[in-house]
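K.L.:
Can you read through this structure? Questions will come right after.
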Amino acid sequence: MRDLRRTGLRLAVGAAALAGAIVASTTSASASVLTDIQTGSGKCPANWVCLWSDYNFVRGNPAGGYDYGAVGSDQNVPDMGKFVYESKSWRWKGMQDQASSVVNNTGSSICFYEHNGYGGAEFRIGPWEKWATVPGWINDRISSFKYC
Amino acid sequence: MFSKRSLTRLGLGTAVAAGLVVAAATSAGATTVTNIGHGAGSCPAGYICLWSEGNFIQGGFVYDHKFGSFGSNQNISDMGKLGRTSTGDKGMQDVTSSVLNNTGSSICFYEHNGYGGAEFRIGPWEQWPSLPSWINDRISSFKYC
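Protein chains in written order, with my numbering: chain A, 196 to 343; chain B, 1479 to 1623.
Here's what the structure looks like:
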């Protein structure tokens, strides 16, 4: 089903996404970002990559709610600081430099990076790996990630 | 002596009966849970769970007119009527795209209400992040089978 998912990508297509939500679609395939991932490693969708702002897959409240406490995606994310543009506050909402635990629910290796655009220090994890605590050198530093 | 023993028996019997009633009352309410969240880990033990999107993702609907996910530990003959709102019945009919069976029994999903039409059968403990296209967005009822 198409839905009213909370993603910048979806918001960008605006009316088209709304129309899709009304009409039952035939496919469930949709690449996007979820910003309402809850606490627990089991809360990550199948075939997705998820990140939590606290250790042990706990959804935190980073920056007093200005940033997301947990996010997931099934595609490369070059800029974790810009998931959704909040027009009311004129700022982007994301989860940059906040991740402390990650789950890889895909059959591919995933690389997390210190900077946007897959730059700086690289933290690579294998297929299906769950990290309740990421190494100290990358903790609160992840800014982008991709299949690798 | 004899009468005392009888009295004790009676007392025990009453206590057991009372305990049964309480236990039944507590568990009876928790048969269906709605909007359980994303992820396979959102499905309670002993439950069958369905999500409106693939990969166990809970979707959202215009005017919130359908549930994005739900789970039950019993047969559901009409998925269109899981709850009541001020505007009528609310359910999750014909939108399911992923299912999970957290029970030790096989489960059969059906195209129509009342366990009719095309049947999709899955085994105990199976997880289906995507469904065959012939049943995707078509499930309307399901039961232990």
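In this text, a Cβ means the ideal position worked out from N, Cα and C, and glycines have one as well.
The structure presented is a predicted model; accordingly, all values stated were derived computationally and were not measured.
Give me the chain A residues within the contact set of H1590/B, using Cβ-Cβ distance strictly less than 7 Å, ordered along the chain.
P.N.:
By Cβ distance, chain A contributes nothing, its closest Cβ being about 16 Å from H1590/B, past 7 Å.
K.L.:
Report yes or no: is there a C-beta of chain A within less than 7 Å of the C-beta of N1553/B?
P.N.:
Not closer than 7 Å to any Cβ of chain A, the Cβ of N1553/B fails to qualify, so no.
K.L.:
Alpha carbon to alpha carbon, how far is F318/A from D1615/B? Give it in angstroms, no decimals.
P.N.:
Between D1615/B and F318/A, the C-alpha separation is close to 39 Å.
K.L.:
Could you compute how far the alpha carbon of P1522/B sits from the alpha carbon of N1579/B?
P.N.:
Cα to Cα, the separation comes out at about 10 Å.
K.L.:
Given 6 Å as the limit, tell me if K288/A has its C-beta closer than that to any heavy atom belonging to the ligand MN.
P.N.:
The model depicted lacks the ligand MN and carries no ligand whatsoever.
K.L.:
Using a beta-carbon distance cut-off of less than 7 Å, what residues from the region 1529-1545 of chain B approach chain A?
P.N.:
So the close ones are S1530, E1531, G1532, N1533, F1534, I1535, G1537, G1538, F1539, V1540.
K.L.:
Any idea what DSSP makes of A258/A, helix, strand or coil?
P.N.:
Correct three-state label for A258/A: helix.
K.L.:
Please confirm whether M1557/B and G1569/B have their CB atoms less than 7 Å apart.
P.N.:
Yes. Within cutoff.
K.L.:
Put G267/A into one of helix, strand or coil per three-state DSSP.
P.N.:
G267/A: strand per DSSP, three-state reduction.
K.L.:
Anything in chain B within Cβ reach of Q233/A, meaning under 9 Å, just list it in chain order.
P.N.:
In chain order: G1515, H1516, G1517, S1520.
K.L.:
Counting only beta-carbon separations shorter than 7 Å, does C239/A have a partner in chain B?
P.N.:
Chain B contact via Cβ: present.
K.L.:
Should N299/A and V244/A be called a contact, given that it needs their Cβ atoms to be closer than 7 Å?
P.N.:
Yes, Cβ-Cβ distance for N299/A and V244/A is below 7 Å.
K.L.:
Three Cβ pairs or more, each shorter than 8 Å: is that satisfied between the region 252-261 of chain A and the region 1530-1541 of chain B?
P.N.:
The region 252-261 of chain A is not in contact with the region 1530-1541 of chain B.
K.L.:
If you run the structure through DSSP and keep just helix, strand and coil, what is S1618/B?
P.N.:
S1618/B: coil per DSSP, three-state reduction.
K.L.:
Going by DSSP in three states, Y250/A sits in which element: helix, strand or coil?
P.N.:
Residue state, collapsed to three classes: helix.
K.L.:
Who are the neighbours of S236/A on chain B, taking C-beta pairs under 8 Å?
P.N.:
Those are G1519, listed as they occur along chain B.
K.L.:
For M290/A and G1515/B, what's the separation of their Cα atoms in angstroms?
P.N.:
Cα-Cα distance, rounded: 20 Å.
K.L.:
Consult DSSP for F340/A and reduce its assignment to one of helix, strand or coil.
P.N.:
In the structure shown, F340/A sits in a strand (DSSP, three-state: E or B).
K.L.:
Using a cut-off of 9 Å between C-beta atoms, extract the partners of W332/A located in chain B.
P.N.:
The contacting residues do not exist; W332/A stays about 28 Å from chain B at best.
K.L.:
Are three or more beta carbon pairs between the region 330-342 of chain A and the region 300-309 of chain A nearer than 8 Å?
P.N.:
The region 330-342 of chain A vs the region 300-309 of chain A: in contact.
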